[in-house]
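Student: Chains as they are written, first to last, in this note's numbering: chain P, 2 to 303; chain B, 929 to 1013. By construction, the Cβ of each residue, glycine as well, lies at the ideal position given by its N, Cα and C atoms. Got a structure here, written out as structure tokens. Questions coming.
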Amino acid sequence: MGAQLRIYRRRMRSVKATKKITKAMELISASRIVKAQQRVAASSPYANELTRAVTAVASFSNTNHPLTTPHPNPRRAAVLIITADRGMAGAYSNSAIKEGDQLVALLKERGLSVESYLVGRKAVNFYRFRNRAIANSWTGFSDNPTYAHAKEISDSLINAFLAESGTESHGVDELHIVYTEFKSMITQLPQAKRMLPLEVVETTVKTGLLPMYEFEPSPENVLNSLLPRYVEARVFNAMLQSAASEHAARRRAMKSATDNADELIKSLTRLANAARQAEITQEISEIVGGADALASASAGSE
Amino acid sequence: MATNLTVEVVSPEKRVWSGEATMVSARTLEGDLGILPDHAPLLGVLVDGLVSIKSADGEKVEFQINGGFISVAQNRVSILGESAS
Chain P
2 MGAQLRIYRR RMRSVKATKK ITKAMELISA SRIVKAQQRV AASSPYANEL TRAVTAVASF
62 SNTNHPLTTP HPNPRRAAVL IITADRGMAG AYSNSAIKEG DQLVALLKER GLSVESYLVG
122 RKAVNFYRFR NRAIANSWTG FSDNPTYAHA KEISDSLINA FLAESGTESH GVDELHIVYT
182 EFKSMITQLP QAKRMLPLEV VETTVKTGLL PMYEFEPSPE NVLNSLLPRY VEARVFNAML
242 QSAASEHAAR RRAMKSATDN ADELIKSLTR LANAARQAEI TQEISEIVGG ADALASASAG
302 SE
Chain B
929 MATNLTVEVV SPEKRVWSGE ATMVSARTLE GDLGILPDHA PLLGVLVDGL VSIKSADGEK
989 VEFQINGGFI SVAQNRVSIL GESAS
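Laid out in structure tokens, this is it:
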């Protein structure tokens, strides 16, 4: 076998091996998207009930809660960026980080200093490499977040929010969250939203007029215990959506990798065939040329 | 009793239980609370502990609820817990 042909064959083998891996990753991600979407759907009854309850309390009592009152003179803001732990997901993590950068620039324009809270190894590495300060970070569960994780994160954020935003402490006056919204299998959008101070948004499910609730023990107490839950639920929802988006982005990246491998294999096969043909043609012309030379040599001796 | 209560027990990760019930009892910060059909609308904070539901077919179901609250309106009872089992 000629050297050229051998090289083509070797490259084809390696591309085929890579294709097998990307194909497998594509299938795995595809099955995980469905699971992640189901988890988003499963968390919505809780979120809807909670929103209803919070709306009820907020509209029936004019209690002011520290979590809902905007700071008159905000100095510091926290930004929570949710990214992936692993790569191979195309631009998924990068677009979330970029969205976060834009938000940070916007906040800085308003004269706020920014504390970064990061979820996912990709964001942490990005910040570390650029020597940016990280207030707190969590890694290891980006593709399968549980409520316990969301609680841990929101506890730390709420504590920061409730702390005095003095010069020394890590207190913040605003909290923003950057996550990737799962719109559909093919569209995922990085989103930046303000979480705190809270604006209670209406549920998607309209239930008509809210009944006159009795509160036990008191509206203030109910609100006190509801609002942190509400923040947790929203962080949890953002994490679930991000996880679904991550899987979708990975599936898409792996699908195009598989397609590219197919293309590469096709063109390599063509090249290998041409090389083989060239080899055969050369051999034939060598044989013919050799036979000719022999024939003319023996003709000359007679 | 003409109507039953429609009860839902939900945790952040999934709907744990849902069905018809004749009575729900739970403990709020102010004390034990029994809810029968046509109860006035109520929002209450639950202490960690058991919530028991007497379902329409006479069975008694119990859930351990942590960090939860209860909302009652128009014969719909929702029990929300950070963890429910």
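For M255/P, I'd like the list of residues in its chain whose CB is within less than 8 Å of its CB, leaving aside the five on either flank, ordered along the chain.
Tutor: Closer than 8 Å at Cβ, skipping near neighbours: T23, K24, M26, E27, S30 and M89.
Student: Can you tell me which residues form a DSSP beta bridge with N994/B?
Tutor: In DSSP, N994/B forms a bridge with S1011/B.
Student: Go to G947/B, then tell me how far its beta strand (DSSP E) extends in each direction, as first and last residue.
Tutor: Where G947/B is concerned, the enclosing beta strand (DSSP E) stretches over R943 to T956.
Student: Quick check on DSSP: helix, strand or coil for G1057/B?
Tutor: What is shown of chain B runs 929 to 1013, which leaves residue 1057/B out entirely.
Student: With 9 Å as the C-beta to C-beta threshold (strictly closer), list the residues of the stretch 934-945 of chain B near chain P in chain order.
Tutor: Result list: E936, V938, S939, P940, E941, K942 and R943.
Student: Secondary structure at H150/P, three-state DSSP: helix, strand or coil?
Tutor: In this structure, H150/P counts as helix in the three-state DSSP scheme.
Student: Going by the CB atoms, is the gap between I8/P and A245/P shorter than 8 Å?
Tutor: Their beta carbons are not under 8 Å apart, which means A245/P does not touch I8/P by this criterion.
Student: Which two residues bound the contiguous alpha helix (DSSP H) that contains E100/P?
Tutor: From DSSP, the alpha helix (DSSP H) with E100/P extends over Y93 to E110.
Student: Going by DSSP in three states, A164/P sits in which element: helix, strand or coil?
Tutor: A164/P: coil per DSSP, three-state reduction.
Student: Name the DSSP beta bridge partners of R195/P, please?
Tutor: In DSSP, R195/P forms a bridge with H177/P.
Student: Identify, in the order they occur along the chain, each residue of the same chain with its Cβ nearer than 6 Å to the Cβ of V16/P, setting aside the five sequence neighbours on each side.
Tutor: Only A262, L265 and I266 meet the Cβ criterion.
Student: Taking DSSP's pairing of strands, which residues face L974/B in a bridge?
Tutor: Looking at the DSSP assignment, L974/B forms a beta bridge with T956/B.
Student: Using CA atoms only, rank isn't needed, just tell me which of R131/P, A149/P, R111/P and Q39/P is closest to W139/P.
Tutor: When each option's Cα is compared against that of W139/P, the closest is A149/P.
Student: Name the one or two DSSP bridge partners that I82/P has.
Tutor: Note: I82/P sits in a beta bridge opposite L119/P and V179/P.
Student: Taking E936/B as part of the beta strand (DSSP E), name the residues at either end of that continuous run.
Tutor: Element bounds for E936/B: L933 to V938.
Student: From the DSSP output, read off the bridge partner residues of V989/B.
Tutor: Answer is I981/B, bridged to V989/B.
Student: What are the residues that DSSP puts in a beta bridge with Q189/P?
Tutor: For Q189/P, which the question treats as bridged, DSSP gives the partners F183/P.
Student: Taking the DSSP output, what are the residues bridged to F216/P?
Tutor: DSSP, once it has assigned bridges, lists L971/B as partnering F216/P.
Student: Should V105/P be labelled buried (16 or more other beta-carbon atoms within 10 Å of its own) or exposed?
Tutor: Buried is the call here.
Student: Starting from S143/P, follow the beta strand (DSSP E) in both directions and report where the run begins and ends.
Tutor: Premise fails: S143/P is in no beta strand (DSSP E) and is neither H nor E.
Student: Would you list, in chain order, the members of the stretch 43-71 of chain P that have their beta-carbon closer than 7 Å to a beta-carbon of chain B?
Tutor: Within the stretch 43-71 of chain P, the residues whose Cβ lies closer than 7 Å to some Cβ of chain B are A43, S44, P46, Y47, E50, L51, A54, A57 and V58, listed in chain order.
Student: Chain P beta carbons: is any one of them nearer than 8 Å to that of A968/B?
Tutor: Closer than 8 Å to some Cβ of chain P, the Cβ of A968/B qualifies, so yes.
Student: Could you tell me the alpha carbon to alpha carbon distance between E284/P and R271/P, rounded to whole angstroms?
Tutor: Those two C-alpha atoms are separated by around 20 Å.
Student: Quick check on DSSP: helix, strand or coil for N74/P?
Tutor: Coil at N74/P, not helix or strand.
Student: Would you mind working out which of R235/P, F162/P and N274/P sits nearest A79/P, comparing C-alpha positions?
Tutor: Closest option to A79/P, Cα to Cα, is F162/P.
Student: Within 8 Å of any Cβ in chain B, is that where the Cβ of N145/P sits?
Tutor: So no, N145/P is outside the interface.
Student: Excluding sequence positions up to five away, which residues of its chain have a Cβ less than 6 Å from the Cβ of L933/B?
Tutor: Same-chain partners within the cutoff: A949, P965, N1003 and V1005.
Student: In three-state terms, what does DSSP make of R11/P?
Tutor: DSSP places R11/P in helix when its eight states are reduced to three.
Student: For the stretch 955-964 of chain B against the stretch 982-992 of chain B, do three or more pairs of beta-carbon atoms, one drawn from each stretch, fall closer than 8 Å, so that the two count as touching?
Tutor: Cβ pair count under 8 Å is below three, so no.
Student: Count the other CB atoms within 10 Å of the CB of Q278/P; is the residue buried (16 or more) or exposed (fewer)?
Tutor: Exposed, because fewer than 16 other Cβ atoms sit within 10 Å of the Cβ of Q278/P.
Student: Would P218/P count as contacting chain B if we go by Cβ distances under 8 Å?
Tutor: Yes, its Cβ sits closer than 8 Å to a Cβ of chain B.
Student: Any contact of the stretch 45-64 of chain P with the stretch 105-123 of chain P, i.e. 3+ C-beta pairs under 8 Å?
Tutor: No contact exists between the stretch 45-64 of chain P and the stretch 105-123 of chain P.
Student: Below 8 Å, how does it come out for the stretch 149-158 of chain P and the stretch 226-244 of chain P: are there three or more Cβ pairs, yes or no?
Tutor: Yes: at least three Cβ pairs fall under 8 Å.
Student: Express the C-alpha separation of E941/B and A136/P in angstroms, rounding to a whole number.
Tutor: Rounded to the nearest angstrom, the two C-alpha atoms are 28 Å apart.
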